[in-house]
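Colleague: Anchor point for the sequence shown: position 7 equals 33 in our numbering, and the numbering is continuous, going up by one each time.
This is the structure, below, for whatever I ask next.
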Amino acid sequence: MKIALVSSIGGHLAELLELAEAFAGHELVWILNDHSPVLPPDARAFVISHAERDWRVAWNLVELSALLSRERPDVLVSMGAGPAVPAAVIARLAGIPVLYVEPSSAVMALTLTGRLMRRLATRYYVQWRSLRDTQAPWARFVGGLL
């Protein structure tokens, strides 16, 4: 199975790297909005334009459309932030399932990305039971990554 892992760099990527360990044996394709030295040396990684909340998001849609049609992942997994929503839009239009995991920092309320991903994600996960119980009853809780 080919899995596209979409993230901005920093804390979101750190958590996604932890989650990626569960996908051992699968073909992983990383899609980031900046270069990152923390990826494994043999990782297949693509960098799209850094565009959050402005007109450059439209360019992200073009970049992601070309990238996802070329790579053809079986599923897209994201923890946010910047590239998550445009990637999910393109993935859903292409019939690719989208799994979204709220980062561990979302304890009391959903993140902005999480609120947007609610309608786009095929499966939606939270890392805190209290968050599911109070803010996201539709979400799945399976524990924390860190």
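Even glycine gets a Cβ: it sits at the ideal position worked out from N, Cα and C.
None of the values given here were measured: they were computed from a predicted structure.
Consult DSSP for R166 and reduce its assignment to one of helix, strand or coil.
Modeller: Taking the first residue of the sequence shown as position 1, residue 166 is located at position 140. Of the three classes helix, strand and coil, the one that applies to R166 here is strand, per DSSP.
Colleague: Are the beta-carbon atoms belonging to V168 and A110 less than 8 Å from one another?
Modeller: Looking up residue 168 in the sequence shown gives position 142. Looking up residue 110 in the sequence shown gives position 84. Not in contact: V168 and A110 (Cβ atoms no closer than 8 Å).
Colleague: Express the C-alpha separation of I29 and S57 in angstroms, rounding to a whole number.
Modeller: Start at 1 with the first residue of the sequence shown, and residue 57 comes out as number 31. Start at 1 with the first residue of the sequence shown, and residue 29 comes out as number 3. In the sequence as presented, Ser is not what sits at residue 57; that position holds Ile. About 11 Å.
Colleague: How do the region 60-71 and the region 121-128 stand: do at least 3 beta-carbon pairs fall below 8 Å, yes or no?
Modeller: no
Colleague: Between A162 and L146, is the Cβ-Cβ spacing less than 8 Å?
Modeller: Position 136 of the sequence shown, counted from the start, is the residue given in the question as residue 162. Position 120 of the sequence shown, counted from the start, is the residue given in the question as residue 146. Contact: no.
Colleague: Suppose contacts are defined by Cβ-Cβ distances below 8 Å. Is E175 in contact with V103 by that definition?
Modeller: In the structure displayed, the chain extends from 27 to 172; residue 175 sits before or after that span and is not available.
Colleague: Measure the alpha-carbon distance for M143 versus P67 and round it to whole angstroms.
Modeller: Position 117 of the sequence shown, counted from the start, is the residue given in the question as residue 143. Position 41 of the sequence shown, counted from the start, is the residue given in the question as residue 67. Roughly 30 Å separates the two Cα atoms.
Colleague: Among the candidates G106, R118 and W164, whose CA atom is the shortest distance from the CA of G140?
Modeller: Translated into positions along the sequence shown, residue 140 becomes position 114. Answer by Cα proximity: G106.
Colleague: Let me confirm a value: E53 is counted as buried when at least 16 other C-beta atoms fall within 10 Å, else exposed. Which label applies?
Modeller: Within the sequence shown, the letter at position 27 stands for residue 53. E53 should be labelled exposed.
Colleague: Can you list, in chain order, the residues of its chain whose CB lies under 7 Å from that of H61, leaving out five sequence neighbours each side?
Modeller: Within the sequence shown, the letter at position 35 stands for residue 61. If we look at H61 and ignore the five residues flanking it on each side, its Cβ neighbours are V73.
Colleague: How many whole angstroms separate the CB atoms of G37 and S131, which I take to be in contact at a CB cut-off of 8 Å?
Modeller: Residue mapping note: residue 37 aligns to position 11 of the sequence shown, counting from 1. Residue mapping note: residue 131 aligns to position 105 of the sequence shown, counting from 1. Indeed, because the Cβ distance is near 7 Å, the residues count as touching under 8 Å.
Colleague: Measuring straight from C-alpha to C-alpha, what distance separates G7 and W81?
Modeller: Coverage of the chain is limited to positions 27 through 172, which leaves residue 7 absent and any answer about it impossible.
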